[in-house]
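Notes for the one structure printed next.
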Amino acid sequence: MTINIGWLYPDLMSTYGDRGNIIALSYRLKKRGIKPIVHKISVHEPKELILKMDIIFMGGAQDKQQEIVNIDLKNNKGKYLKEAIVHGVPGLFVCGAYQFLGKYYKAADGTIIEGLGVFDLYTESPGLKVSRCIGNIIIESKLFPKIKLVGFENHGGRTYLSDQKLAFAKVIKGFGNNGEDLTEGIFYKNSFGTYLHGPILPKNPELSDYLIKKALERKYGKGTKLKKINNRWENIARSWVINKL
Ligand code: GLN
Numbered sequence: 032m033t034i035n036i037g038w039l040y041p042d043l044m045s046t047y048g049d050r051g052n053i054i055a056l057s058y059r060l061k062k063r064g065i066k067p068i069v070h071k072i073s074v075h076e077p078k079e080l081i082l083k084m085d086i087i088f089m090g091g092a093q094d095k096q097q098e099i100v101n102i103d104l105k106n107n108k109g110k111y112l113k114e115a116i117v118h119g120v121p122g123l124f125v126c127g128a129y130q131f132l133g134k135y136y137k138a139a140d141g142t143i144i145e146g147l148g149v150f151d152l153y154t155e156s157p158g159l160k161v162s163r164c165i166g167n168i169i170i171e172s173k174l175f176p177k178i179k180l181v182g183f184e185n186h187g188g189r190t191y192l193s194d195q196k197l198a199f200a201k202v203i204k205g206f207g208n209n210g211e212d213l214t215e216g217i218f219y220k221n222s223f224g225t226y227l228h229g230p231i232l233p234k235n236p237e238l239s240d241y242l243i244k245k246a247l248e249r250k251y252g253k254g255t256k257l258k259k260i261n262n263r264w265e266n267i268a269r270s271w272v273i274n275k276l
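Note that the sequence shown covers residues 32 to 276 in my numbering.
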């Protein structure tokens, strides 16, 4: 079995160790005898490649890089990315990537970057004089009962969902979408938008396995079972963050 992982704009959207998410996915696939093939899809790669992916990942960036990526998404790859998400390809979209998939992102200097409109949300930065949302974060999600997920967030933008029920999780400690309504991220079809860099997947193996399971089911059929992996070290890392906060 093989799983194609599409890593969108790794050269531009990879600010806070987001590549750890690719490493975690590949590690957990290999442990189960499944071959991960990582495709780096940036500005010069063909847009059609997106539709061949079994899992899609895109990380965060500073406003400047977001403007460059925005041009390529608008003129080129956006339509394909939207199609993949709407058809249920499992995806993880962190911070800047998450913002792109909403209706629009208003950057710190006031520039409006139109989004792809896949997620029903918008994001606005309150400007450079207001503090960014930075620090370790703990969240709880109904999708993963009985556990707390942890990560690290660093964003100026404040995201508002059209309906709080769309949230991926509830904030226990930290800022999440906007520091006000305790929502974190969004869950739509099989995709997650989130502010957790972290990187999120190494510390939260349940989320990696969710993406992997959905990808396998879409490719190889519903009955596909995931072999258990010992998560001792992942759990130690997670507990360490939780105890520190
Ligand atoms: N530039 C965006 C913001 O500040 C996204 C930041 C990020 O991806 N870490 O909100």
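Idealized CB from N, CA, C, for every residue including glycine.
Small disclaimer: the values here were computed from a predicted structure and weren't measured.
Pop quiz: residue 67 and residue 34 are said to be a contact at Cβ under 8 Å. What is the actual Cβ separation, rounded to whole angstroms? 5 Å
In whole angstroms, give me the CA-to-CA distance for residue 264 and residue 125. 23 Å
How is residue 117 classed by DSSP in three states: helix, strand or coil? helix
Residue 47 by DSSP, collapsed to three states: which one? coil
Candidates 146, 167, 140, of which the one nearest residue 161 by Cα: 140
With a 10 Å radius around its C-beta and 16 neighbouring C-beta atoms as the bar for buried, classify residue 32 as buried or exposed. exposed
Is residue 189 helix, strand or coil by DSSP? strand
Should the region 186 to 195 be called in touch with the region 206 to 216, which here means at least 3 C-beta pairs below 8 Å? yes
Closer than 7 Å to a non-hydrogen atom of the ligand GLN - does that hold for the CB of residue 52? no
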